[in-house]
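Accompanying notes for the structure given below.
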Amino acid sequence: MAAWKSDFLNVLAERGFIHQGTNLQGLDARAAKETLTGYIGFDATARSLHVGSLIQIMMLYWLQQTGHRPIALMGGGTTKVGDPTGKDHQRAMLTDAEIDANIASIKGVFEKFLRFGAGPKDAIMTNNDEWLSKLGYVEFLRDYGTHFTINRMLTFDSVKLRLERESPMTFLEFNYMLMQAYDFHELYNRCGCLLQMGGSDQWGNIVNGVELCRRKDGVEAFGLTTPLLTTASGKKMGKTEAGAVWLNADLFSPYDYWQFWRNTEDADVAVMLARFTVLPIEEVNRLAALGGSEINEAKKILANEATALLHGRDAASEAAETARRTFEEGAAAEGLPTFIASMESLKAGLSVFAPLLETALIASNGEGRRHIKAGALRVNDAPMTEERPLSDADLVDGVIKLSIGKKKHALVKAG
RNA sequence: GGAGGGGUGGGAGAGUGGCUAAAUCCAGCAGACUGUAAAUCUGCCCGCUUCGGCGUACGGUGGUUCGAAUCCACCCCCCUCCA
455 MAAWKSDFLN VLAERGFIHQ GTNLQGLDAR AAKETLTGYI GFDATARSLH VGSLIQIMML
515 YWLQQTGHRP IALMGGGTTK VGDPTGKDHQ RAMLTDAEID ANIASIKGVF EKFLRFGAGP
575 KDAIMTNNDE WLSKLGYVEF LRDYGTHFTI NRMLTFDSVK LRLERESPMT FLEFNYMLMQ
635 AYDFHELYNR CGCLLQMGGS DQWGNIVNGV ELCRRKDGVE AFGLTTPLLT TASGKKMGKT
695 EAGAVWLNAD LFSPYDYWQF WRNTEDADVA VMLARFTVLP IEEVNRLAAL GGSEINEAKK
755 ILANEATALL HGRDAASEAA ETARRTFEEG AAAEGLPTFI ASMESLKAGL SVFAPLLETA
815 LIASNGEGRR HIKAGALRVN DAPMTEERPL SDADLVDGVI KLSIGKKKHA LVKAG
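Structure below.
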């Protein structure tokens, strides 16, 4: 008894991707009878996307899996302007070179989730800088400015919030929503794109695009948003002790990524399995029903599946094995962050802080000293209560295992 | 251009001459309890340190003072109203 006629909406609905849509029935009808093209825009403000964007990537994934064509739109042009949504302050300007470098660095992630190519259902990646930077100011104002009223724009949350907080919003940022609306219109004309998806905070921007398509092109385009990602305890998802959970492996290792999922709160496991793995929904429901400490098995599966999607099955297995040896056997497992120390430096006495800093377990010597005072630092699982240098006598089978707390571990190897 | 208000640590937000590395809250880290969970309780939360201290820090630059986030001058930026 599927609620929708199209596979696309059925999958999204049962996996919890749908927050609101402009005309879900209409979208459903079209998705059921033809191949749709849909897009999501991604900002290029950092070298990597982080898990906060993963829900959007998964939407593109399912769009393709259910027989449609996804477009990953890189916001090269819009990033120059800066999306004011959810920001209290104007953000720092990025140079063109920085934006280009960010896009180049971000791109790879999509290839893990989407099948690109030239076929009718192959994913497309494009960059809105391609058309936005060519727009002439006067032409743009005449052709598009007439379709937007200030009255309306002032009612959008992104604008309203700034005004209420008396936080400045520049005209530049104010134009962001026009540019995003223009993107939709442009993508419709380029490749018949009729669907824009995004986070619930993008609703206003998306609706603008839908309306622009109706006014300029006389077509009904569709908008679809995902729920805001928060954990059951109300925190924003995607921040860990070390900062953001990046998708690029060079910024956040597959092991850390695996750990991130492994540490999901109990109450979130079901939702995370549905959204961030591609396990059949029956399996998701079965795992989600596990109670008490059995839920840990579900968390491991979540970690395995989510990591496999992004970094590949091998990396996921490796991370799982490292975690198993580290946490279940308490061993010094391969795969943990490793610091190579020369034998001479060990014999001479190596500051414990050097490897801890290098492996990012601590941010400063002072933090390391505090951890020692708090009894949080362990060398080969024995607490270090007084600061002392590491020496070759600490080597166990050629390795020293350093731990901060229960979760952060690193190895020192002689080499 | 004029008048008034404001710029403080990751965020919010106190502080109006020394007791201030700067209240409080949020976020973060660690310890205890556990299940690598949540909740709770406890400690920490600028850097360096031979643990005695030292160095930076309250928009910027100068100044007053034994001593300034706090007072003065100039500059930069933001908000509100007026032109």
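With positions in the first sequence counted from 1, the corresponding number in the numbering used here is that position plus 454. Each residue gets a CB set at the ideal place from its N, CA and C atoms; glycine is no exception. All values derive from a computational prediction rather than experimental measurement.
Reduced DSSP category for residue i - H, G, I as helix; E, B as strand; rest coil
i: residue 574; result: coil
i: residue 610; result: coil
i: residue 458; result: coil
i: residue 723; result: helix
i: residue 708; result: helix
i: residue 791; result: coil
i: residue 830; result: coil
i: residue 673; result: coil
i: residue 475; result: strand
i: residue 857; result: strand
i: residue 580; result: strand
i: residue 632; result: helix
i: residue 466; result: helix
i: residue 728; result: helix
i: residue 844; result: strand
i: residue 694; result: For residue 694, the predicted model reports a pLDDT of 49, less than 50, meaning its position is unreliable; a value from the coordinates is still stated below. Strand at residue 694.
i: residue 505; result: helix
Whole-angstrom C-beta distance between residue j and residue i, which should lie under 8 Å
i: residue 577; j: residue 526; result: 7 Å
i: residue 854; j: residue 839; result: That pair is no contact at about 17 Å.
i: residue 634; j: residue 506; result: Residue 634 to residue 506, Cβ: 18 Å. No contact.
i: residue 521; j: residue 497; result: About 28 Å separates the two Cβ atoms, so there is no contact after all.
i: residue 822; j: residue 833; result: Rounded, the Cβ-Cβ distance is 12 Å, inconsistent with contact.
i: residue 870; j: residue 472; result: Residue 870 is absent from the model: the chain starts at 455 and stops at 869.
i: residue 532; j: residue 582; result: 6 Å
i: residue 864; j: residue 792; result: 7 Å
i: residue 592; j: residue 516; result: Actually they are not in contact, since the Cβ atoms of residue 592 and residue 516 sit about 42 Å apart, beyond 8 Å.
Extent of the continuous alpha helix (DSSP H) run through residue i
i: residue 734; result: From DSSP, residue 734 is part of no alpha helix (DSSP H); its letter is neither H nor E.
i: residue 533; result: 532-535
i: residue 596; result: 591-597
i: residue 809; result: 807-812
i: residue 485; result: 478-487
i: residue 628; result: 625-628
i: residue 666; result: 657-666
i: residue 562; result: 550-567
i: residue 802; result: 797-802
i: residue 516; result: 508-519
The beta strand (DSSP E) enclosing residue i, as first and last residue numbers
i: residue 677; result: 676-680
i: residue 861; result: Careful: residue 861 lies outside any beta strand (DSSP E) and carries neither H nor E.
i: residue 527; result: 523-528
i: residue 494; result: 491-496
i: residue 651; result: 649-653
Cβ neighbour criterion (16 or more within 10 Å) applied to residue i
i: residue 797; result: exposed
i: residue 475; result: buried
i: residue 706; result: buried
i: residue 462; result: buried
i: residue 695; result: Residue confidence is low: residue 695 scores 42 on pLDDT, short of 50, so the model does not pin down where it sits. Its coordinate-derived value is still stated next. Result: exposed.
i: residue 789; result: buried
i: residue 574; result: exposed
Ranges of the alpha helix (DSSP H) found wholly within the region 730-788, counting only runs of at least 4: DSSP runs (the alpha helix (DSSP H)) wholly in the region 730-788: 735-742, 749-765 and 767-777.
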